[in-house]
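Q:
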Amino acid sequence: MTSHAPSHATVHIPDAASSQRRTLRVLVAAQILSGAGLAAGVTVGALLAQAMLDSTSLAGLPSALFTAGSALAAVAVGRISQARGRRPGLATGYLTGAIGSVGIITAAVLDNPVLLFLALFVYGAGTATNLQARYAGADLAAPGHHARAVSTVLVATTLGGVSGPNLAAPTGHFAEHLGIPNLAGPFLLSGAAYALAALVLALWLRPDPLLLARSIANAAEADANPAAARATDANEGRGGVVLGALVMILTQLVMVAIMTMTPVHMHDHGHGTAASGLVIALHIGAMYLPSPLTGRLVDRYGRMRVAAVSGITLLAAGVLAAVAPGDSVALLALALALLGVGWNLGLVAGTAIITDTVPLATRAKTQGLVDVSIALAGATGGMASGIMVAATSYPALALSCGILSLALLPAVAATAYRR
-15 MTSHAPSHAT VHIPDAASSQ RRTLRVLVAA QILSGAGLAA GVTVGALLAQ
35 AMLDSTSLAG LPSALFTAGS ALAAVAVGRI SQARGRRPGL ATGYLTGAIG
85 SVGIITAAVL DNPVLLFLAL FVYGAGTATN LQARYAGADL AAPGHHARAV
135 STVLVATTLG GVSGPNLAAP TGHFAEHLGI PNLAGPFLLS GAAYALAALV
185 LALWLRPDPL LLARSIANAA EADANPAAAR ATDANEGRGG VVLGALVMIL
235 TQLVMVAIMT MTPVHMHDHG HGTAASGLVI ALHIGAMYLP SPLTGRLVDR
285 YGRMRVAAVS GITLLAAGVL AAVAPGDSVA LLALALALLG VGWNLGLVAG
335 TAIITDTVPL ATRAKTQGLV DVSIALAGAT GGMASGIMVA ATSYPALALS
385 CGILSLALLP AVAATAYRR
């Protein structure tokens, strides 16, 4: 009987390591594509709504709609992944995002705001899937390396995320040649990018990382105490889910609110699409580019310390955005870069907390539900941002969001005290 344990190790552990490397390569390729799709839509979504509705107060509605749509998609992707694996879940999410992009283009051509709103809701599936992919990177990661695995997937979004906004102007000109409104042009890129990301995952994400991780865990239980392990997982999981979700909810709300209204703020001060595209490109680069460093910091210094630093960084971003002159592209770009870094710190730390503590048996479903809360926070931030700017000003919005981010500090301190 004792000769079987080494046999399990030699069969499953090397397979897990090689499969993890393959999984990360495929996820990186898909994230480069999906990053371009996400960033292109973010750059002009508020401007498209403002142009169609002729109202600044509703300019935050596109962000609210596609983040609300991402909430529903997060549940669907999580449940599909729980039942059938990451590959069908992620591929379905990206394909749905591509369909939403087609709907937005159609709405712009027909000048139909109702269709625009419905299509933006569907388009949100791409955003949800882009975030859900980070969990797939950690399924087969070695213990203590979850944050680094998550960060590898996140950083892959940088290339597409930076190139997407900078292609806003060229794709707008291309769209005009096709008889499509200029501001709908970036959604041509979004639709193609999301569709290609779905194809990459459907063809090459094999073996499925979540299903393989479950098989390895089931084999390992033969030499362990399953009941004790489940009890430990349950006790740790409850606290981990609450803290991890809170960190990501606050960072998402603050980030989306400020990011959504920055292109509108710049447009009102005479800046064109190219300038706002550059600022958003730097912002999205800062959201994902620091991920490898963030992952190492989280694994080395602890999840809660990095979460606290996230709150302080977001405060600095909000203050700088509030005091920056509207005609200063450089200062607004710096503020949005800090905003991206603060979001990155919170997302990696929060994701690692949840991945560490939620058992494989319920991992995908729980992660999907957590991402619903994140999406709803983003929807709230996007919708409230337009209303607040119309009622007060962009500086008031940025400063309020910066102060709100400080709520992370007592939450982290309280959790540390209980432990």
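Residue numbers (my numbering): -15 to 403.
For glycine and all other residues, C-beta sits at the position ideal for the given N, C-alpha and C.
#1: In angstroms with no decimal places, state the Cα-to-Cα distance between ALA52 and ALA368.
#2: Report all residues from its chain with a CB closer than 8 Å to the CB of GLY224; omit the five preceding and five following residues, and keep chain order.
#3: Do you know how far the Cα of VAL106 is from the Cα of CYS385?
#4: So, at 6 Å on beta carbons, what are the nonlocal neighbours of GLY69 in its own chain, with the 5 sequence-adjacent residues on each side left out?
#5: For a quick check, are the C-beta atoms of ALA301 and LEU323 less than 7 Å apart?
#6: What whole-angstrom Cβ distance do VAL231 and LEU392 have, given they're in contact under 8 Å?
#7: Say whether the stretch 130 to 150 touches the stretch 5 to 18, bearing in mind that this needs 3 or more beta-carbon pairs closer than 8 Å, one atom from each stretch.
#8: Pick from ALA382, LEU8 and THR376: whose alpha carbon is nearest that of ARG190?
#9: Grouping DSSP H, G and I as helix and E and B as strand, with all else coil, what is ASN96?
#10: So the alpha helix (DSSP H) PRO274 belongs to, where does it begin and stop?
#11: Using a Cβ-Cβ cut-off of 6 Å (strictly less than) and excluding sequence neighbours within five positions of GLY365, which residues of its own chain qualify?
#12: Just to confirm before moving on: does the CB-CB distance between VAL61 and VAL356 stay below 7 Å?
#13: So, does the stretch 117 to 127 touch the stretch 312 to 328, judging by three or more C-beta pairs under 8 Å?
#14: Please state whether DSSP places ARG214 in a helix, a strand or coil.
#15: Could you check if ALA109 is buried or exposed, using at least 16 other CB atoms within 10 Å of its CB as the buried criterion?
#16: Measure the Cβ-Cβ separation of THR335 and ARG118 and say whether it is below 7 Å.
A: So, to answer that:
#1: Within the sequence shown, residue 52 is the residue found at index 68, counting from 1. Within the sequence shown, residue 368 is the residue found at index 384, counting from 1. C-alpha separation (whole angstroms): 13 Å.
#2: In the sequence shown, the residue the question calls residue 224 occupies position 240. Cβ neighbours of GLY224 beyond the five flanking positions: ILE337, ILE338, ASP340, THR341 and VAL342.
#3: The residue labelled residue 385 in the question sits at position 401 within the sequence shown. The residue labelled residue 106 in the question sits at position 122 within the sequence shown. Cα to Cα, the separation comes out at about 27 Å.
#4: Position 85 of the sequence shown, counted from the first residue, corresponds to residue 69. Result list for GLY69: ASP192, LEU194 and LEU195, in chain order.
#5: Taking the sequence shown and counting its residues from 1, one reaches residue 301 at position 317. Taking the sequence shown and counting its residues from 1, one reaches residue 323 at position 339. Contact flag set, yes.
#6: If you number the sequence shown from 1, residue 231 lands on position 247. If you number the sequence shown from 1, residue 392 lands on position 408. With a Cβ gap of about 6 Å, VAL231 and LEU392 count as contacting.
#7: yes
#8: On the sequence shown, position 206 is the one that residue 190 refers to. Taking only the C-alpha atoms, the option nearest ARG190 is LEU8.
#9: Counted from its first residue, the sequence shown places residue 96 at position 112. Residue state, collapsed to three classes: coil.
#10: Here residue 274 corresponds to residue number 290 of the sequence shown, with the count starting at 1. No alpha helix (DSSP H) holds PRO274; DSSP gives it neither H nor E.
#11: Residue 365 sits at position 381 when you count from the first residue of the sequence shown. Excluding sequence neighbours, GLY365 sits near LEU237, VAL240 and ALA241.
#12: Counting from 1 along the sequence shown, the entry for residue 61 is found at position 77. Counting from 1 along the sequence shown, the entry for residue 356 is found at position 372. Cβ atoms of VAL61 and VAL356: not closer than 7 Å.
#13: no
#14: Working through the sequence shown from its first residue, we reach residue 214 at position 230. Residue placement at ARG214 is poorly supported in this model, since its pLDDT is 48, which falls under 50; the coordinates are not used for a value here.
#15: By one-based count along the sequence shown, residue 109 stands at place 125. ALA109 is buried by the Cβ-count criterion.
#16: Looking up residue 335 in the sequence shown gives position 351. Looking up residue 118 in the sequence shown gives position 134. Result yes, Cβ atoms of THR335 and ARG118 sit closer than 7 Å.
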